[in-house]
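In what follows, a single structure is set out as structure tokens and then discussed.
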Amino acid sequence: MMRTFDFQTMPIVDIVNEIFVDSSRRGASDIHFDPYEEYLLVRIRIDGELYDYTHVPNNIRDYLMTRIKTVSKMNITESRLPQDGAIKTTIDGVDLDLRVSCLPLTNGEKIVVRILDYTMSMAGLEELGFSEKNYKKIIDMVNLPNGIILVTGATGSGKSTTVYSMLQYLNKISTNIITVEDPVEMDITGINQVQTNSKIGLDFAIALRSILRQDPNIIMIGEIRDTETAKIAVRASITGHLVLSTVHTNSSLTTIERLIDMGVQRYLLASALEGVISQKLARKLCTKCRELRPTTEYERTIFKAVLGQDVTQIYDTVGCEKCNNGYKGRVPIHEVLRINQQIRDALANEVPKEKLRELVYGPDVTTMLQDGLEKVVSGLTTFSEILKIIELDDDDKLNENSAFKEAVYETREVMEKRSEQENSQEQFVGERENSVFDRADTMDI
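Here the sequence shown stands for residues 1321 to 1765, numbered as in this note's numbering.
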């Protein structure tokens, strides 16, 4: 993974260009330039994990950072305040669209470069890894004449990819689609895209008011960040528009709660909300080197509790020259909620959270934990990867079933105790061996 450069003779322009191009070719999503006392550490994020890329000596660190700030249209004389910039260029036949963030630290400036990848954003909905049941729900939702559909997840979870794929599906000559974004991540022919600009006061709320006077059929809001935007989005969906947007929440239930906390009235939300697509990204198993192995007792208990299946074998990582660590690429994990009349009535009547959870996670909903474990069974990812990104305690459907929950946690406790006993035995044996060697050292042989 580490890359070497001839920093003393290679021009700074070429070094920066090569870092950008090589990182893009490796499939990196971000490049980090971290200041240390001895050197500048460059790291790249691939499939959600950061890896060391190269060490830049201090005698050229400032030149390299200045070059990045220059090409991203930042103020190179300002090192006390955070700055944002962008780079759009083609180098060695590689099209680059980069978002650059500069942050002053106590030991120098840190720069992070986000590499925007349009290949997945151009993908069709059928290529995004939805299960057959979830895909059907989404197609039903996007074909509605009005209502609001929300895509939720953490930063870097693929929300923009999903939203852009939905827009591609809806992009027809008979529809007027308008988006308001910060920033516009991909230009789409046939869609009217508005870029917000905080410097002149053009925020989401102001742009939305103008969009409503532009005879739209479909409105896409890059992100619902505040109360005003949330209220305008909900009202727009009630007045005959299909609204797509994103929210930084982790599940269907927390999304509903977030909108209520933002001040959206429950009866309006009950009328407007059509569906929630929650997602995370898991590292994808390398198909070249993955190997089957027997499941452990704990894994079998989880599969039985969550999926109702007796799973005796699953794939796990090995590592090869293609992937290095057993993973290659990422696979999305989804939870798709289609709002039904029962949920609408519950929202309008302000039922307690426990009752709302019971309705949201009915038999028709596949939670992210269920979807993730199904993808483990299919050989797309690993059991450890799913439990790394999805806590068992976060699965609302599992928590609703006390019997399953008790079985899972009892088995986990047994396995943890067994592991502790094995570790204690290994430690005891090790201490005995060491004592034997210590005694041998004192003997004349």
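Just so you know, even glycine gets a beta-carbon here, dropped at the ideal spot from N, CA and C.
>> Please report the distance separating the alpha-carbon of G1699 from that of Y1635.
In response: 6 Å
> Helix, strand or coil for Y1373 per DSSP?
Replying inline: If DSSP states are grouped into helix, strand and coil, Y1373 belongs with the strands.
>> According to DSSP, simplified to helix, strand and coil, what is H1352?
In response: Strand at H1352.
>> Taking 6 Å as the limit between beta carbons, can you name the residues of its chain near I1576, skipping five residues before and five after?
In response: none
>> Please list the terminal residues of the continuous beta strand (DSSP E) segment that includes V1430.
In response: First, the residue type needs correcting, since residue 1430 is Lys and not Val in the sequence shown. Note, K1430: beta strand (DSSP E), G1428 to I1435.
> From the DSSP output, which residues share a beta bridge with Q1515?
Replying inline: In the DSSP assignment, Q1515 forms a beta bridge with E1501.
> When the Cα of I1511 is compared with those of A1556, G1628 and I1498, which residue comes out closest?
Replying inline: I1511 has its Cα closest to that of I1498, out of A1556, G1628 and I1498.
>> In this structure, how does DSSP classify K1600 when only helix, strand and coil are distinguished?
In response: strand
> Can you find at least 3 beta carbon pairs, one from the segment 1622-1635 and one from the segment 1682-1696, that sit closer than 8 Å?
Replying inline: yes
> Buried or exposed: where does I1706 fall if 16 or more other Cβ atoms within 10 Å of its Cβ makes it buried?
Replying inline: buried
> Helix, strand or coil: which one does DSSP assign to K1393?
Replying inline: Three-state DSSP puts K1393 in coil, outside helix and strand.
> Ordered along the chain, which non-local residues of its own chain (more than five positions away) have a Cβ less than 6 Å from that of D1334?
Replying inline: none
> What's the gap between the Cα of Q1513 and the Cα of I1431?
Replying inline: The alpha-carbon atoms of Q1513 and I1431 are separated by roughly 28 Å.
> Alpha carbon to alpha carbon, what distance is there between E1619 and R1434?
Replying inline: 36 Å
>> What would DSSP say about A1474, mapped onto helix, strand or coil?
In response: coil
> Where does Y1484 sit, in a helix, a strand or coil, going by DSSP?
Replying inline: helix
>> Assuming contact is defined by CB atoms lying nearer than 7 Å, are H1561 and I1539 in contact in what I supplied?
In response: yes
>> Please return the same chain residues whose Cβ sits closer than 7 Å to the Cβ of A1592, not counting the five positions on each side in sequence.
In response: Same-chain partners within the cutoff: G1467, I1468, V1554, S1557 and I1558.
>> Can you check which of these residues, I1622, P1614 and S1344, is closest to D1412 by C-alpha distance?
In response: Nearest option by C-alpha distance: S1344.
> If we ignore side chains and look at the alpha-carbon of each, how far apart do E1655 and I1458 end up?
Replying inline: 11 Å
> Are I1407 and L1423 close, meaning C-beta to C-beta below 7 Å?
Replying inline: no
> From which residue to which residue does the alpha helix (DSSP H) around L1579 run?
Replying inline: S1572 to D1581
> Going by the CB atoms, is the gap between Y1373 and R1323 shorter than 7 Å?
Replying inline: yes
> Between A1525 and T1549, is the Cβ-Cβ spacing less than 7 Å?
Replying inline: yes
> Within 7 Å (strictly less), CB to CB, does E1505 reach chain D?
Replying inline: In the structure shown, chain D does not exist; there is a single protein chain.
> Do you know offhand how far I1597's Cα is from T1472's?
Replying inline: 6 Å
> Using CA coordinates, which residue listed in L1679, F1703 and K1453 is at the minimum distance from Q1662?
Replying inline: L1679
>> Can you look up F1325 in the DSSP assignment and give me helix, strand or coil?
In response: Residue state, collapsed to three classes: coil.
>> Given this structure, state the Cα-to-Cα distance separating P1672 from A1666, to the nearest angstrom.
In response: Taking the Cα positions, P1672 is about 9 Å away from A1666.
> What is the DSSP secondary structure of E1678, reduced to helix, strand or coil?
Replying inline: helix
> Which value, in whole angstroms, describes the spacing of the CA atoms of I1339 and L1588?
Replying inline: Looking at the two C-alpha atoms, the distance is approximately 50 Å.
>> For G1476, tell me which candidate among L1601, Y1647, N1378 and V1651 has the shortest Cα-Cα distance.
In response: L1601
> What are the partner residues of Q1633, as DSSP defines its beta bridges?
Replying inline: P1614
> Taking the continuous alpha helix (DSSP H) assigned at E1357, which residues delimit it?
Replying inline: Here E1357 belongs to no alpha helix (DSSP H), and DSSP marks it neither H nor E.
>> Considering Cα atoms alone, identify which of Y1681, E1501, S1704 and R1545 is closest to R1603.
In response: Relative to R1603, the option among Y1681, E1501, S1704 and R1545 whose CA is nearest is S1704.
>> For P1355, tell me which candidate among I1380, L1384 and N1427 has the shortest Cα-Cα distance.
In response: N1427
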